[in-house]
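One structure is given here, and the rest of the page talks about it.
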Amino acid sequence: MGPFKVIAWLLILWPWQDGAGTITIHCDGINQPEQGIIYIYLYNDSAKWNDPQGYFHLYKYNLTAIPNSDFNLENLPYGTYAIRVHIDLNDNGVVEYNLVGQALEQTGFSNNPIKIFSKPTFRDSRFALLKPNLKLAIEMK
């Protein structure tokens, strides 16, 4: 392979070099005893934020089987994301709401947006992953 082909391949592959990172999430305020399934929905498209199946990646952990409330989302391409977290006490995969629209199960969002009369949007929760390691704290309510 000639030197020009090597240089061409390096230029083609360069954007993907070191273009992935890890997001470490610490979930504060998980009710004790820790039980149920925690769902971490990672979104990378604002148009899919309200679509139940529109997530980029879904992480699911049994709270009784993990030692702490830190979660690593690894090998993610650099980009803009938003995270929605919920603890599902009955493992039906849906957040339960009361008659006035308040969540009966704990929920949390990246950036911890404060919304009283509406749910947080992708824009409220978005952040950029632009380095190998990013730490986020999500307040569970």
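First residue of the sequence shown? That's 0 in numbering that gives the first Met the number 0, and the numbers climb one at a time after it.
Virtual Cβ for every residue (Gly too), placed ideally from N, Cα, C.
Quantities reported herein were computed from a predicted structural model and do not represent experimental measurements.
Cβ-based neighbour list, residue i, same chain, cut-off 6 Å, excluding 5 preceding and 5 following
| i | result |
| --- | --- |
| PRO119 | PHE108 and PRO112 |
| TRP48 | TYR42 and PHE121 |
| ASP123 | PRO112 |
Per DSSP, the bridge partner or partners of residue i
| i | result |
| --- | --- |
| ASP50 | Answer is none; ASP50 lacks a bridge partner. |
| THR21 | ASN132 |
| TYR58 | ILE39 |
Own chain residues within Cβ distance below 7 Å of residue i, not counting five before or after
| i | result |
| --- | --- |
| PRO76 | GLY18 and ALA19 |
| ASN74 | ALA19 |
| ALA127 | THR79 |
| VAL93 | none |
| LYS59 | ILE36 and TYR38 |
Pair within 8 Å by beta-carbon distance, residue i and residue j
| i | j | result |
| --- | --- | --- |
| LEU88 | GLN34 | yes |
| ILE137 | ILE86 | no |
| ARG125 | ALA64 | no |
| ILE24 | LEU135 | yes |
Supposed close pair residue i, residue j - CB separation, criterion 8 Å
| i | j | result |
| --- | --- | --- |
| THR21 | LEU57 | Contact doesn't hold; Cβ gap of about 17 Å is too wide. |
| GLN101 | ILE29 | The pair is not a contact, with the Cβ atoms about 18 Å apart (cut-off 8 Å). |
| ASN110 | LEU103 | With 8 Å as the limit, ASN110 and LEU103 do not qualify as a contact, their Cβ atoms being about 23 Å apart. |
Whole-angstrom distance between residue j and residue i, CA atom to CA atom
| i | j | result |
| --- | --- | --- |
| ASP69 | VAL99 | 31 Å |
| PHE55 | ALA46 | 12 Å |
| ASP27 | LEU129 | 24 Å |
| LYS114 | PRO66 | 31 Å |
| ASN132 | ARG83 | 19 Å |
| ASP50 | ASP44 | 10 Å |
| LYS140 | GLU95 | 13 Å |
| ASN91 | GLY78 | 30 Å |
| GLN52 | LEU62 | 22 Å |
| ILE11 | PHE116 | Because ILE11 carries a pLDDT of 46, less than 50, the predicted location of this residue cannot be relied on, and the following value inherits that uncertainty. If I take the Cα positions, the gap works out to 48 Å. |
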